[in-house]
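In what follows, a single structure is set out as structure tokens and then discussed.
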Amino acid sequence: MIKFEHVSKQYRGTPKPALDDVSFEVQRGEFVFLIGSSGSGKTSCLRLILKEDRPSRGAIHVLGQDLGTISTRKVPFFRRNLGVVFQDFRLLPNKTVYQNVAFTLQVIGQSRGFIQEAVPDVLETVGLGGKGDRMPHELSGGEQQRVAIARAVVNKPQILLADEPTGNLDPATSAGIMAVLQRINAAGTTVVMATHEAGLVDQMQKRVIELVGGRIIRDEREAGYGDTVAIPVLKPAPAPAPEQPVVVQLPTGVVAPVAAPAGARIVTAPVTVVAPEVAPPLELGIAERLGLRPTGTEGAPDGADQGGEA
Ligand SMILES: Nc1ncnc2c1ncn2[C@@H]1O[C@H](COP(=O)(O)OP(=O)(O)O)[C@@H](O)[C@H]1O
Ligand SMILES: [Mg+2]
Numbered sequence: 002m003i004k005f006e007h008v009s010k011q012y013r014g015t016p017k018p019a020l021d022d023v024s025f026e027v028q029r030g031e032f033v034f035l036i037g038s039s040g041s042g043k044t045s046c047l048r049l050i051l052k053e054d055r056p057s058r059g060a061i062h063v064l065g066q067d068l069g070t071i072s073t074r075k076v077p078f079f080r081r082n083l084g085v086v087f088q089d090f091r092l093l094p095n096k097t098v099y100q101n102v103a104f105t106l107q108v109i110g111q112s113r114g115f116i117q118e119a120v121p122d123v124l125e126t127v128g129l130g131g132k133g134d135r136m137p138h139e140l141s142g143g144e145q146q147r148v149a150i151a152r153a154v155v156n157k158p159q160i161l162l163a164d165e166p167t168g169n170l171d172p173a174t175s176a177g178i179m180a181v182l183q184r185i186n187a188a189g190t191t192v193v194m195a196t197h198e199a200g201l202v203d204q205m206q207k208r209v210i211e212l213v214g215g216r217i218i219r220d221e222r223e224a225g226y227g228d229t230v231a232i233p234v235l236k237p238a239p240a241p242a243p244e245q246p247v248v249v250q251l252p253t254g255v256v257a258p259v260a261a262p263a264g265a266r267i268v269t270a271p272v273t274v275v276a277p278e279v280a281p282p283l284e285l286g287i288a289e290r291l292g293l294r295p296t297g298t299e300g301a302p303d304g305a306d307q308g309g310e311a
């Protein structure tokens, strides 16, 4: 699902590489913590997965595609398979909760009917049922992050990347966010979360990949953060893929059951139904930041519902 082969990343004008000969593989359905102190290379790693940047050396495969050969034109479409959540939420301040989540779908041209079903469903999933009409500033930090998560997963991405998603939240609120991420993972989405917060990682007992100075010093299944420091252990993770996955068929617009059997593969009706080559030129700056901006195009497709004001 995600494969790094001897990946190094050195930014221009820096003496040391941000990532140094990093190799790992993440299987479908895994929940992986990418841990390490500030500056250890976590964000660089996530940006490479999103193809927001290119490695200086090595190869990266995501969802079966070699990111080194994927054309610029195809990058926006590739990114539709990935949801992203950031530490600072990045909500649109002048839109309601509902509009924030719907916006992503409007940009990629989903039908009004799909949006009207999917948005309330996903808000329910993240524990915000009934709060669709609120404005971001009327929400707590934890609630704002739930909106951001809803937005990231509403189009059912195969992979959810979260970069320090609890970095601005208190421990109790963070635990709630972790529960949401776990629920999304249980429903079949692969989750990679970067964090330096030991407490969370210890509680979750998930796979941990630890970076120090851009190098992987530990890759362990069901680990806690605290096991680290003294004796780094390198254990390649066995592939968890079951031989005969349970397949759960969901109708379009249904956002994942709360709990699926371990190893279950969730199958939904295709969500990339109406994916026009061209997206509406609405708030492109933000769309771009969300990885939604198509390249080399202007103008809106017929019938694209832009909803809301800018
Ligand atoms: N755009 C950039 N240009 C130059 N150096 C960068 C850039 N982004 C990150 N770095 C450097 O790369 C290293 C890893 O950074 P980063 O991936 O952001 O780590 P983390 O997310 O773990 O804090 C740091 O030394 C950082 O200063
Ligand atoms: Mg970072």
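So the sequence shown is numbered by this note's numbering: it starts at 2 and just counts up by one.
C-beta: ideal position from N, C-alpha, C; glycine also.
These numbers come from a predicted model, not from an experiment.
On the criterion of 16 or more Cβ atoms from any shown chain inside 10 Å, does residue i qualify as buried, or is it exposed?
i: A119; result: buried
i: P281; result: Caution applies to P281, whose pLDDT of 35 falls short of 50 and renders its modelled position unreliable; the value that the coordinates give is listed next. When all chains shown are included, P281 counts as buried.
i: Q250; result: Since pLDDT at Q250 reaches only 40, below the 50 mark, its modelled position is unreliable, and the value read off the structure follows with that caveat. By the 10 Å Cβ count, Q250 comes out exposed.
i: P94; result: exposed
i: Y12; result: exposed
i: E223; result: exposed
i: Q145; result: buried
i: P16; result: exposed
i: P172; result: exposed
i: A199; result: exposed
i: T70; result: exposed
i: K43; result: buried
i: T73; result: exposed
i: R219; result: buried
i: Q206; result: exposed
i: A187; result: buried
i: G110; result: buried
i: Q100; result: buried
With DSSP collapsed to three states, give me the class of residue i.
i: E6; result: strand
i: A188; result: coil
i: K207; result: strand
i: T105; result: helix
i: P243; result: Only weak support exists for where P243 lies, its pLDDT of 45 falling under 50; the coordinates are left without a value.
i: I71; result: coil
i: A180; result: helix
i: D85; result: The sequence given here has Val at residue 85, not Asp. In this structure, V85 counts as strand in the three-state DSSP scheme.
i: R58; result: strand
i: A231; result: Because A231 carries a pLDDT of 36, less than 50, the predicted location of this residue cannot be relied on, and the following value inherits that uncertainty. Here A231 sits in coil by DSSP.
i: R147; result: helix
i: R80; result: helix
i: R113; result: helix
i: D122; result: helix
i: G142; result: helix
i: R13; result: coil
i: V154; result: helix
i: K132; result: coil
i: G37; result: coil
i: P94; result: coil
For my contact list, residue i and residue j are in at a C-beta cut-off of 8 Å; report their separation, rounded to the angstrom.
i: I36; j: V202; result: 6 Å
i: G84; j: T191; result: Not confirmed; about 10 Å, so no contact.
i: V33; j: R184; result: That belief does not hold up - the Cβ atoms of V33 and R184 are roughly 16 Å apart, past 8 Å.
i: A151; j: V123; result: 5 Å
i: L140; j: V148; result: 7 Å
i: C46; j: L64; result: Contact doesn't hold; Cβ gap of about 16 Å is too wide.
i: H197; j: S9; result: About 22 Å separates the two Cβ atoms, so there is no contact after all.
i: N156; j: R81; result: 6 Å
i: V98; j: L68; result: So it is not a contact: roughly 33 Å between Cβ atoms.
Which residues share a DSSP beta bridge with residue i?
i: F32; result: V192
i: V23; result: V8
i: E221; result: V209
i: A163; result: V86, M194
i: V63; result: I3, Q66
i: R216; result: V213
Quick check: is any heavy atom of ligand 3 less than 6 Å from the C-beta of residue i?
i: F78; result: This structure simply doesn't include ligand 3; it includes ligand 1 and ligand 2 instead.
Compare the C-beta of residue i against all C-beta atoms of chain D and say whether one is closer than 7 Å.
i: L83; result: The question asks about chain D, but that chain is absent: this structure has only one protein chain.
Beta carbon shell of ligand 1 at less than 6 Å from a heavy atom: Those residues are Y12, T15, A19, G37, S39, G40, S41, G42, K43, T44, S45, given in chain order.
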